[in-house]
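Asker: Residue numbers (the working numbering): 5 to 465. Shown below is the structure under consideration.
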Ligand code: 4AD
Ligand code: MG
């Protein structure tokens with residue numbers, strides 16, 4: 005195997021032999037000498053390769069090089085006289101492995117993100133998408149490390165399920181029935197009892213309910229996997245398929261959960277500042293000026309906290325005319341969320357204790373009987389990135405809630421059992437991973453922080 009450019013650039017001293025391979029970001033051929041900017045995606049920087057025209061097979065393997073060609077390089081790692089790079093490679097042999105045809109869509113100039121989405125199979129070769137994907141990878145590994153260090157068990161919750169966690173009806177159906185001639189019941193409706201899973205199965209919208217099974221047996225668990233929502237939302241913060249990080253903790257109430265969410269975000273940001281310094285500096289320079297400053301402030305400042313009712317008061321007093329008018333009981337819209345954290349707080353904000361009518365059936369009902377112990381974490385630029393709650397762990401309370409939401413006790417019998425047999429207060433949250441990567445990188449569109457976005461009308465690859 006070849007070495008990675010990242011490792012080679014991180015070397016402490018010069019050395020006689022390096023073997024690299026990658027893609028030509030740009031090539032400049034002048035008399036007697038070629039300069040090649042070589043990248044292999046391991047880090048943002050490419051490495052400069054210098055090739056003299058006296059090299060063996062220069063005419064076939066070096067002279068034709070241009071943006072996009074794949075090559076291998078043997079050479080010597082030497083101190084670079086050029087600015088902004090410690091080392092360069094003095095090539096002793098270059099092999100042109102894969103040439104490019106004239107219609108290669110990526111050139112050295114900047115391309116718009118809209119255009120890059122049309123060439124999703126090539127866009128990871130660009131600086132920005134490469135940096136996004138490295139941050140994404142580092143963040144997911146930091147997330148696993150965060151939980152592992154705190155004794156959380158990683159639970160693999162199902163992707164196909166007969167249960168609807170959010171009760172919101174935005175699910176993709178999973179079926180093997182023939183849509184043209186499905187079996188029907190006596191009443192003429194489709195008989196899903198004859199379907200593969202013996203019922204109406206869907207792709208999961210959240211691993212939460214199953215994570216509760218884990219928490220009420222192993223105390224602290226988390227799940228981190230793909231989730232699916234069939235909402236027809238064409239926005240910069242919605243995907244039909246996205247990844248969610250969901251810790252679930254027994255013997256934990258809402259205040260502790262809020263602090264866990266804060267610690268979680270602060271630790272992951274700290275880790276990314278450290279592990280992805282080069283990529284973050286790039287985002288700071290090219291995508292969101294002030295990004296590094298924002299992250300540094302975030303890791304040392306406790307998150308602000310408002311109850312929903314106080315948040316409504318703040319919005320009412322703001323004097324701003326919002327598109328969606330303010331009154332107690334409304335769903336907070338993105339414009340409200342962004343006003344609260346951008347104008348009112350100037351940083352992340354946790355809003356708790358939402359109106360019960362707006363929230364899922366499983367949330368713990370407060371004594372006022374009109375709010376639930378729900379929690380959203382809102383951040384500047386995006387709005388909600390975390391949604392969570394203390395769960396209703398009291399059997400009778402949960403029964404009442406199921407009835408209010410017109411959900412069947414029979415379908416949720418296993419979930420009720422958790423309240424019948426050794427129930428305990430427990431709480432958890434879900435972080436939308438792609439929204440978090442937007443937050444980490446400053447990228448504006450969620451379609452540009454996932455390698456293969458799934459949105460209404462599009463699921464290529
Ligand atoms: O607020 P949500 O719907 O909460 C739940 O699903 C809970 N069951 C989680 C839990 O308590 N374990 O979703 C959680 C987060 C949101 O805050 C948002 O960041 C993200 O998931 N999210 C989406 N991200 C991208 N595209 C979508 N369509 C999303 N819907 C939710
Ligand atoms: Mg939510």
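From the three backbone atoms N, C-alpha and C, an ideal C-beta is built for every residue, glycine too. From a predicted model like this one, the values you see are computed outputs, not experimental measurements.
Please give me, in chain order, every unbroken run of the beta strand (DSSP E) with length at least 3 that falls completely inside the segment 330 to 415.
Answerer: The segment 330 to 415 contains these whole beta strand (DSSP E) runs: 353 to 359, 375 to 383 and 387 to 394.
Asker: Leaving aside the five residues before and after residue 358 along the sequence, list all residues of the same chain whose C-beta is less than 7 angstroms from its C-beta, in chain order.
Answerer: Within the same chain, residue 358 has close Cβ partners 312, 375, 376 and 378.
Asker: Sorry if obvious, but does the Cβ on residue 380 come closer than 8 angstroms to a heavy atom of the ligand MG?
Answerer: Indeed, a heavy atom of the ligand MG lies less than 8 angstroms from the Cβ.
Asker: Determine contact between the segment 186 to 202 and the segment 228 to 248, defined as no fewer than three beta-carbon pairs at a distance below 8 angstroms.
Answerer: They do not touch, by the three-pair rule.
Asker: Let me confirm a value: residue 407 is counted as buried when at least 16 other C-beta atoms fall within 10 Å, else exposed. Which label applies?
Answerer: Residue 407 comes out exposed.
Asker: Can you tell me where the alpha helix (DSSP H) holding residue 218 begins and where it ends?
Answerer: 212 to 222 is the span of the alpha helix (DSSP H), which, as asked, contains residue 218.
Asker: For my contact list, residue 284 and residue 295 are in at a C-beta cut-off of 8 angstroms; report their separation, rounded to the angstrom.
Answerer: Confirmed, about 7 angstroms.
Asker: Is there contact here, the segment 404 to 419 with the segment 269 to 278, by at least three beta-carbon pairs under 8 angstroms?
Answerer: Taking 8 angstroms as the limit for Cβ pairs, the verdict is that the segment 269 to 278 does not touch the segment 404 to 419.
Asker: Between residue 432 and the ligand MG, is there a pair consisting of the residue's CB and a ligand heavy atom that are separated by less than 8 angstroms?
Answerer: Checking every heavy atom of the ligand MG against the Cβ of residue 432, none is found closer than 8 angstroms.
Asker: Quick check on residue 316: buried or exposed, where buried means 16 or more other Cβ atoms within 10 Å of its Cβ?
Answerer: Per the 10 Å Cβ criterion, buried.
Asker: How is residue 108 classed by DSSP in three states: helix, strand or coil?
Answerer: If DSSP states are grouped into helix, strand and coil, residue 108 belongs with coil.
Asker: By the 10 Å Cβ neighbour count, where 16 or more other Cβ atoms means buried, how is residue 289 classified, buried or exposed?
Answerer: With fewer than 16 Cβ atoms within 10 Å of its Cβ, residue 289 is classed as exposed.
Asker: Applying the criterion that 16 or more other CB atoms from any shown protein chain within 10 Å of the CB defines a buried residue, is residue 252 buried or exposed?
Answerer: Buried: at least 16 other Cβ atoms inside 10 Å.
Asker: Buried or exposed, going by whether 16 or more other CB atoms sit within 10 Å of the CB of residue 363?
Answerer: Residue 363 comes out buried.
Asker: Within 9 angstroms of any Cβ in chain B, is that where the Cβ of residue 117 sits?
Answerer: Included in the structure is just one protein chain, with no chain B present.
Asker: Go ahead and label residue 328 buried or exposed: buried means 16 or more other beta carbons lie within 10 angstroms of its beta carbon, across all protein chains shown.
Answerer: By the neighbour-count rule (16 or more Cβ atoms within 10 Å), residue 328 is not buried but exposed.
Asker: For residue 244 and residue 450, I'd like the C-alpha separation in whole angstroms.
Answerer: If you take the alpha carbons of residue 244 and residue 450, they lie about 11 angstroms apart.
Asker: Quick check on residue 150: does DSSP put it in helix, strand or coil?
Answerer: Helix.
Asker: Would you check if the distance between the CB atom of residue 80 and the CB atom of residue 19 is smaller than 9 angstroms?
Answerer: Taking 9 angstroms as the Cβ cut-off, residue 80 and residue 19 qualify as a contacting pair.
Asker: For residue 134, name the three-state secondary structure that DSSP assigns.
Answerer: If DSSP states are grouped into helix, strand and coil, residue 134 belongs with the helices.
Asker: How long is the line joining the alpha carbons of residue 304 and residue 278, rounded to whole angstroms?
Answerer: So the alpha carbons of these two residues sit roughly 15 angstroms apart.
Asker: Within 10 angstroms of its Cβ, does residue 314 collect 16 or more other Cβ (buried), or is it exposed?
Answerer: Residue 314 comes out exposed.
Asker: Which residue marks the beginning of the alpha helix (DSSP H) containing residue 441, and which one marks its end?
Answerer: Residues 437 to 445.
Asker: Measure the alpha-carbon distance for residue 441 versus residue 143 and round it to whole angstroms.
Answerer: Their Cα atoms are separated by approximately 8 angstroms.
Asker: Just the Cα atoms here: how many angstroms apart are residue 398 and residue 423?
Answerer: One C-alpha to the other measures close to 6 angstroms.
Asker: Give the straight-line distance between the Cα atoms of residue 403 and residue 202, rounded to the nearest whole angstrom.
Answerer: One C-alpha to the other measures close to 25 angstroms.
Asker: Spatial neighbours of residue 448 within its chain, please: CB distance less than 7 angstroms, with the 5 preceding and 5 following residues excluded, ordered by chain position.
Answerer: These residues qualify, in order along the chain: 240.
Asker: Can you tell which of 85, 46, 102 and 92 has its C-alpha closest to the C-alpha of residue 64?
Answerer: Selected option, being the one with the closest Cα: 102.
Asker: If we ignore side chains and look at the alpha-carbon of each, how far apart do residue 365 and residue 396 end up?
Answerer: Approximately 8 angstroms, taken between the alpha carbons.
Asker: Looking only at C-alpha atoms, which of 51, 15 and 217 sits nearest to residue 428?
Answerer: When each option's Cα is compared against that of residue 428, the closest is 217.
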